[in-house]
Structure formats: structure tokens, C-alpha cells
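First residue of the sequence shown: 1, per full-length UniProt numbering; consecutive thereafter. All C-beta atoms in this analysis are idealised placements derived from N, C-alpha and C, irrespective of residue type, glycine included. Values in this document were obtained by computation on a predicted structure and should not be read as measured data.
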Amino acid sequence: MRSIVNFLGVAVLLLSSVHALHNGVGRLPVLGYNTWNAYQCNIDEDLLLTTANLMKSLGLLDAGYNQLNIDDCYAEKNRSTGGDIVADTVRFKGGMKNLTDQIHALGFKTGIYSDSGWYTCAGYPGSYQNELRDLTTFSDWGFDYLKYDNCAIPYDEITREGIVGRYQRMADAVVKIQQSTKNSPILLSLCEWGWSQVWLYVELSPLRIHRLTFTKLGNAIRSELERDIAPEWNSLANIINFNSFLTQATDFYGRNDLDMLQLGNGNLTFDESKSHFTAWALMKSPLLIGTNLSGITSETLGILKNQEILAINQDPIVGVSISPFRWGINPDWTSNSSFPAQYWSGPTQNGTVFMLLNTLDEPSNLFFNLTESPWIRAGRQYSVRDLWTHTENGTAIRNFTAYDVPAHGVVALLLKDVGDEPDGIYPQCSVWWQCTDKNGTRVGG
């Protein structure tokens with residue numbers, strides 16, 4: 001959330017402490033709902049309860065979306081005389097603990113928002129120099145997730161530290177809370193905005209406490225060096241392009257966060273919505289719905305509830321993201337915010353998943369040789385499962401073509417090894433530079 005200030009953005013979901021690694025907090029991407037994209041500051045307790053009930057009645061809870069997060073604007077503008085953050089007494093008249101109790105009773109976890117500066121992005125009290133006090137309040141209210149933003153930064157002469165230091169203060173508070181209370185562990189989500197290239201320094205910093213990329217200060221990076229995600233294709237393409245160079249940062253307890261979903265908002269076409277969801281899910285981003293559920297269409301709901309796509313996002317065996325193996329219309333490793341990489345693949349517990357993305361403004365055929373993907377073995381044949389039509393589409397040998405992929409559309413495939421390719425196929429290799437006879441002759445096609 002930063003529409004009010006139009007800053008650049010990268011978010012990091014953080015583990016509360018080394019103990020969180022042992023109890024599973026943050027191991028997989030979060031599935032749930034966040035209030036900002038749909039409502040911004042127009043929130044109250046009735047809206048939250050209505051949203052929770054809709055998530056349940058629409059089958060989203062059963063599909064795995066079990067997190068309900070309140071973004072900015074829930075508080076009074078001033079702290080109490082004792083120094084505590086106070087929930088708005090009109091819009092949350094029943095109190096936050098009563099609200100979280102009701103949401104928990106419906107089967108959801110709950111999240112809340114604060115800021116590492118003097119104020120939040122919407123001008124409410126921030127948590128700088130009040131980290132432990134505020135986190136104690138949030139924990140006592142029943143929240144187990146904190147989104148932590150980056151507005152109203154104190155002067156350098158006050159902080160005497162950089163962005164990491166301000167986030168470390170809250171990370172330390174999370175550890176203290178977990179050690180001193182019996183409340184649920186807190187997952188800390190940092191909106192760092194990309195100012196300090198967090199995907200580079202967190203792994204190398206002295207804060208590292210786990211072999212994966214993001215640990216005490218990182219469980220997922222919002223890898224979207226732009227203003228907040230918008231419900232339009234150009235915004236989605238820009239985020240996909242930026243993330244295509246950061247996929248190595250994703251694994252269990254450490255993943256790129258591509259920002260909250262915009263499905264159901266704006267004028268995204270059906271195919272653009274499918275591409276949006278496919279890219280976010282297969283790159284193992286957290287999936288936080290951000291639309292008015294009372295008006296959600298059956299098409300959008302069907303996209304959000306695609307169990308074959310969600311199963312890869314929530315794969316308990318393989319935590320890595322898909323990555324580009326060919327950029328397509330651009331030379332490989334080209335950064336193009338309008339036309340990102342088109343050919344992606346990655347491992348899963350059940351085979352190799354492919355995402356073929358038509359970034360053009362007209363339908364297109366998308367062809368690739370199987371062994372262009374590092375996850376495919378040469379000399380083998382593969383069954384082909386379409387993850388959107390939910391059909392078995394025969395066997396792929398050497399190559400595959402997706403025909404007439406709609407403008408800004410996507411094809412998602414799961415390929416499984418079904419044995420050696422048939423004898424007698426000529427040429428001996430599908431790609432000449434991968435195939436040489438013992439005498440040094442290139443024998444591929």
C-alpha cells in the first residue's frame with residue numbers, strides 16, 4: 001500500500017525468529033486477502049467480517065486462502081495517553097480483539113499493518129521507537145501477521161542507521177514477543193520498496209540464520225521496483241519483467257513477493273487475469289486477493305480457485321520459482337518492461353511446469369525445444385497436462401508448440417517423464433549445439 005505517496009516498492013515477508021523455521025511459519029507463500037487494493041482507507045469491522053464470511057461462502061477458504069489482513073487506516077490519528085496505538089473507536093467499535101476472535105472462529109488467520117517511520121503512509125501513527133510496544137498491542141489484539149511499511153523515515157541524525165536497522169528493530173521485537181508470550185508467532189512483512197536492493201544484501205548480511213536467502217530479515221521480497229501494482233497489463237508486464245532477473249531469490253522461507261493481486265479490478269481481460277494469476281502463483285509469490293468479493297465474477301473466482309495452479313504455489317517439496325529459459329521476442333537477458341520473458345519453467349514434485357506467456361498484442365504461436373529447459377532430460381518423452389483446461393494433451397517429444405495463444409494470454413503445462421523417446425527419430429538431437437558425434441561431427445537438427 002502506497003498509492004497515497006507514489007513511491008517505489010519492494011516488500012519482504014520476514015520470519016519472526018529462528019524458532020519460526022522450526023514451527024513452519026512462512027515456509028510456503030501466504031494465501032489470503034488484503035484490504036488495500038479494493039478499499040484503501042474505507043474499512044471498518046463490518047467490512048472485515050463480511051469479507052471473511054464471503055471468503056468462506058465462496059469457497060476461497062476451502063481453496064487455501066486462510067489469511068485476512070487489514071492494511072493502513074484502522075487506527076486513531078493519535079496514540080493513547082499511555083502511548084499505545086488505538087483502533088478507530090467508530091469504525092472498530094467492538095475492539096480489535098473481538099474482531100480477530102470472530103475472524104479466527106471462521107477459520108482464518110489475521111494480519112495488521114504498521115510503518116517503520118514516524119507515521120504510516122496514510123498519516124496514522126508509525127512504530128518507530130515504539131516497536132515492542134506496538135507489536136505487543138498487535139499480538140494482544142490477536143494478530144499473527146504484520147505488514148511493515150517504509151514511510152515518514154526519521155532523519156539520519158536520529159536513526160543513525162539505514163533501512164535494515166529500522167527493520168531490525170521490529171524483527172528484534174518479534175523475537176522478544178515470541179519468547180515472552182504464548183501468542184501465535186508473528187510473520188513480519190516488510191514493504192522496503194527496493195531502495196536498498198534487499199534481494200542482494202539480506203543473504204549476505206550478519207542477520208542470516210538459515211541457508212536460504214531470507215531469514216531473520218526475510219521471507220519474501222516484494223520484487224516490484226515500481227509504484228503499487230495497478231489493474232492494467234502494463235503494470236503486470238513490468239513486474240514480471242523485473243522479477244525475471246530475481247527468481248533465484250525464491251525458495252522455502254524466502255521468496256519474491258510480486259505485490260497483492262488485482263484480479264477483479266480495473267479492465268483486465270480474462271486472459272490477462274489468467275496470466276496475472278499464473279505468473280504470481282508459479283513464481284511462488286504470496287497470493288493476496290484485493291477485490292470486492294461481493295461483486296466477484298464466476299470467471300475471476302474460477303481463476304483464483306484453480307487447484308492445479310495453487311498446488312504448485314503451495315508445493316511442499318519444491319520451493320523454487322519458475323525462471324525464464326528463453327526470452328522470446330527479445331534477446332535473452334533483455335529487460336523490457338512492456339515485453340517480458342515469454343518462456344519459463346521450473347521443477348515441481350510432480351514434474352516440470354512450463355509457463356508460456358504471449359506478451360504481444362495479438363494471438364501468437366509459442367514454440368520451444370524441450371531441452372531448452374534445464375529441468376528436462378534429453379532423449380525422453382513427456383506427457384503434457386494443461387493446467388487451465390485440466391486435460392491430458394498427449395505426449396511431447398523433442399519440442400512443443402502452443403498454438404494461437406491469445407494476446408497477453410498464458411499457457412501453463414505440467415510435463416512428466418514417461419520414458420525413453422521412440423527409436424529412429426532423426427536428427428539425433430533437436431538442438432545442434434547440444435549434440436556431437438564421437439568424431440566431432442555435429443549431428444543435431
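Just how far apart, CA to CA, sit residue i and residue j?
i, j, result
"V360", "W118", "Going by the sequence as given, residue 360 is Leu instead of Val. If you take the alpha carbons of L360 and W118, they lie about 44 Å apart."
"D88", "Y74", "6 Å"
"N6", "T371", "Unreliable positioning characterises N6 in this predicted model, as indicated by a pLDDT of 31, which lies under 50. A coordinate reading is not provided."
"L413", "D386", "5 Å"
"N365", "L49", "46 Å"
"L190", "E421", "48 Å"
"P406", "D259", "25 Å"
"I229", "G82", "37 Å"
"Y426", "Q67", "53 Å"
"E161", "P154", "10 Å"
"L288", "T436", "49 Å"
"E45", "K93", "8 Å"
"Y39", "R91", "14 Å"
"N183", "G142", "8 Å"
"R377", "P363", "30 Å"
"S57", "T159", "47 Å"
"Q307", "S294", "22 Å"
"G346", "L132", "40 Å"
"P167", "N330", "Residue identity check: residue 167 is Tyr in the sequence provided, not Pro. C-alpha separation (whole angstroms): 38 Å."
"L415", "L301", "26 Å"
"Y145", "W388", "32 Å"
"T120", "V431", "55 Å"
"T269", "E157", "49 Å"
"D315", "L28", "8 Å"
By a C-beta neighbour count over all protein chains shown, 10 Å radius and 16 as the cutoff for buried, is residue i buried or exposed?
i, result
"R442", "exposed"
"E299", "exposed"
"H408", "buried"
"K284", "buried"
"F400", "buried"
"W333", "exposed"
"V411", "buried"
"N439", "exposed"
"I209", "Reliability fails at I209, whose pLDDT of 26 lies under 50, so the model's placement of it is uncertain and no value is given."
"A281", "buried"
"V30", "buried"
"D71", "buried"
"T250", "buried"
"G95", "exposed"
"D423", "exposed"
"residue 464", "Nothing can be reported for residue 464: it is not among the residues displayed for the chain, which extend from 1 to 445."
"N34", "buried"
"I317", "exposed"
With a CB to CB cut of under 6 Å and the five nearest residues on each side skipped, what residues in its chain are close to residue i?
i, result
"D115", "G126, D149, C151"
"N393", "V384, D386"
"W327", "T334, A341"
"I296", "G264"
For residue i, which option in the options has the closest C-alpha, if you only look at C-alpha atoms?
i, options, result
"I239", "A279, T250, N267, L68", "A279"
"N313", "T348, L135, L61", "T348"
"V384", "T352, V431, D420", "T352"
"F367", "G346, T100, Q342", "Q342"
"G165", "E192, A237, R27", "E192"
"T340", "A311, L246, A237, D172", "Correcting the residue type first, residue 340 is Pro in the shown sequence and not Thr. P340 has its Cα closest to that of A237, out of A311, L246, A237, D172."
"T110", "Q129, I186, Y382", "I186"
"P231", "G95, M55, L261, A402", "L261"
"T247", "Y253, S323, Q178, S337", "S323"
"A122", "N34, N42, Y65", "N42"
"N265", "R255, G290, M355, F242", "G290"
"K147", "W36, I329, F108", "W36"
"Y403", "N358, C429, V418, Q381", "N358"
"F354", "D417, T100, S373, I85", "S373"
"G32", "N98, F108, V320", "F108"
"I177", "V25, D134, I112, Y65", "D134"
"V86", "T136, L54, Y65", "T136"
"G319", "W344, R255, F325", "R255"
Quick one: residues in its chain with C-beta nearer than 7 Å to the C-beta of residue i, no 5 flanking neighbours on either side, listed in chain order?
i, result
"I303", "L263, S273, K274, F277"
"T181", "S139"
"V418", "Q381, Y382, S383, T395"
Return the chain-ordered list of same chain residues with a C-beta closer than 8 Å to the C-beta of residue i, the five sequence neighbours on each side being excluded.
i, result
"T391", "R385"
"I103", "L48, L49, A52, L68, T110"
"D271", "P406, A407, H408, G409, V410"
"K305", "G59, L60, A63"
"G379", "D420, E421"
"K77", "G123, Y124, P125"
Contiguous alpha helix (DSSP H) assignments of at least 4 residues, all confined to the region 87-156 = 96-105, 131-141
Complete runs of the beta strand (DSSP E) confined to the region 238-291 [at least 3 residues] = 287-289
What runs of the alpha helix (DSSP H), each 4 residues or longer, lie entirely inside the region 287-331?
-> 298-304, 307-313
Quick one: complete beta strand (DSSP E) runs, 3+ long, within the region 25-68?
-> 31-34
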